[in-house]
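This report refers to the structure that appears directly beneath it.
In structure tokens form, the structure reads like this:
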């Protein structure tokens, strides 16, 4: 069945994603209520005992909010995070040591039959880590909460089958908005969040390196309610792609993950 993927929720206020095979499930970030995560798993009939890993990108509340209830609910799951994330989160720091696996950017490991690769994110957190997941040549990558797109990120993006990529804000809307000046500088900085423009340009670079003949499924995520809209993000990215002769609907598909609604189920199950 390859790899299944869906977004439980994705926004500036809460993020959580689920990946699974027939043998194992992984939850990436738990920044929404435990109830919402459990309901989403139920929607796709994923048993709780399938979840063997809870992976955390960084310690901000919109990524770790329900870590305690998640550990109680998913008794077979170990929490994977960086040392900086563990030390930066009281919630994670209080977990029993036998429930945690400390990892570093650049490290690879397996959760059941899913191979996991890690890479550094550029964000104002202690030691943020991004992840890609692979099984039988099928690959899913998640890149959010980063102010820069690095070569290491592009290398993971370019051969993915499914990519969740941050498209947090439209620069003009943010600059004209009501946020305090320092907050705007933070978001726009190298340790902030990706704009629609940066996301579109990153996709162009990834597509220029792509060898796989399959269509890349892109889900734009972590979209700000204040400084962006789902339609604006999608159209802005689509325009950049098509200006670079990358045809949406033929070479690449672009959709959005939302704040309040669990996404459709995506599957990476191509034969390579």
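Residue numbers (the working numbering): 1 to 272.
A virtual CB, placed ideally from N, CA and C, is assigned to each residue, including glycine.
Everything numeric in this text was worked out from a predicted model, so none of it was measured.
Spatial neighbours of residue 113 in its own chain (CB-CB distance under 7 Å, excluding positions within 5 residues in sequence) are listed in chain order as 21, 23, 24 and 135. Each of 60, 57, 18 and 58 was checked against the Cα of residue 42, and the nearest Cα belongs to 18.
For the stretch 107 to 147, the full-length beta strand (DSSP E) segments reaching 3 residues or more read 108 to 111, 114 to 120, 129 to 135 and 138 to 143 along the chain.
With a minimum length of 4 residues, the unbroken runs of alpha helix (DSSP H) contained wholly in the stretch 165 to 243 fall at 171 to 176, 181 to 188, 196 to 208 and 230 to 243. Per DSSP, the unbroken alpha helix (DSSP H) holding residue 68 starts and ends at 67 to 73.
Membership of residue 25 in the beta strand (DSSP E) is indicated by the continuous run 25 to 28.
In this structure, residue 125 sits near residue 145, with a CB-CB distance shorter than 9 Å.
In the three-state reduction of the DSSP assignment, residue 250 falls in the coil class, being assigned neither a helical nor a strand state.
Residue 49 counts as exposed, since fewer than 16 other C-beta atoms from the protein chains shown sit within 10 angstroms of its C-beta.
The beta carbon of residue 101 lies closer than 6 Å to those of 78 and 80 in the same chain, with the five residues before and after it left out. Closest in alpha carbon position to residue 228, among 182, 259, 82 and 174, is 174. Annotated as distal: residue 66 and residue 222, with beta-carbon spacing of 9 Å or more. Rounded to the nearest whole angstrom, the CA to CA distance from residue 122 to residue 128 is 7 Å.
Ranking 86, 47 and 269 by CA distance to the CA of residue 61 puts 86 first. Here residue 84 is near residue 59, since their CB atoms are less than 9 Å apart. Between the stretch 146 to 158 and the stretch 183 to 198 there are three or more C-beta pairs closer than 8 Å, enough to call the two in contact. Here the alpha carbon of residue 239 sits roughly 41 Å from the alpha carbon of residue 91.
Between residue 246 and residue 93, the alpha-carbon positions lie close to 45 Å from each other. In this structure residue 202 is in contact with residue 165, their Cβ atoms being roughly 7 Å apart against a cut-off of 8 Å.
In this structure, the straight-line span from the alpha carbon of residue 184 to that of residue 15 is close to 21 Å. Less than 9 Å divides the Cβ of residue 71 from the Cβ of residue 54. A Cβ-Cβ distance of about 10 Å is found for the pair residue 142 and residue 153, leaving them out of contact under the 8 Å criterion. The beta carbon of residue 204 sits closer than 6 Å to those of 244, all from its chain and outside the five residues before and after it, given in chain order.
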